[in-house]
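Numbering (mature numbering (1 follows the signal peptide of the UniProt record, and there is no 0)), first residue to last: -23 to -1, 1 to 152.
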């Protein structure tokens, strides 16, 4: 093989290696307490673990990511609109993690969530209570992939005409 051909092949491989290294993806974890997450309406969300007279769920804070979570309940008879948590990020994938209550009493652990990316509904999760008085932590409720770029994730708790629903949002990871 001619020296110029060898040089070309080596140059090509070097460029390919540089490109692969620079294209490496990384995960970014956003805790529920981050100011990057917007809650709407804010008055309906509770930053936990803190004092909360209206909160029904009381999971173990030591099991939550960074010891915190945000919770709210959608009551179709009293809630004016579904309750949202929104995060804008630059990436190609997103993973939403919650704490799940399995109680069917007080609190009612029904979880009825819908997920939107850039105002398009991309998924939903309905987790009915099992009747146990336990919680599941680090529970993946949604994952999705899409073209690399800036996106807005909206997590919607409850829906007009839908059932009672509780969310305990713990953290979001995007890639």
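By construction, the Cβ of each residue, glycine as well, lies at the ideal position given by its N, Cα and C atoms. None of the values given here were measured: they were computed from a predicted structure.
Pair within 8 Å by beta-carbon distance, residue 94 and residue 77: no
Close-in-space but distant-in-sequence residues of the same chain around residue 22 (CB under 6 Å, 5 per side omitted): 16, 47, 49
Span separating the alpha-carbon of residue 126 from that of residue 3: 14 Å
Neighbour-count burial assignment, residue 142, 16 or more Cβ in a 10 Å radius: buried
Residue environment, residue 13, which counts as buried when at least 16 other CB atoms sit within 10 Å: exposed
Those residues which DSSP pairs with residue 60 across a bridge: 134
Residue 34, DSSP secondary structure in three states: coil
Other residues of its chain near residue 109: CB distance less than 8 Å, five sequence neighbours each side excluded: 79, 80
Coarse secondary structure for residue 40, derived from DSSP in three states: helix
Inter-stretch contact (C-beta, 8 Å, three-pair minimum) for the stretch 61 to 71 and the stretch 30 to 44: no
Residue 53 versus residue 134: straight-line alpha-carbon distance, rounded: 11 Å
Residue 28, enclosing beta strand (DSSP E) - first and last residue: Counting along the chain, residue 28 falls outside any beta strand (DSSP E), and DSSP gives it neither H nor E.
Cβ neighbour criterion (16 or more within 10 Å) applied to residue 117: exposed
Three-state secondary structure assigned by DSSP to residue 2: coil
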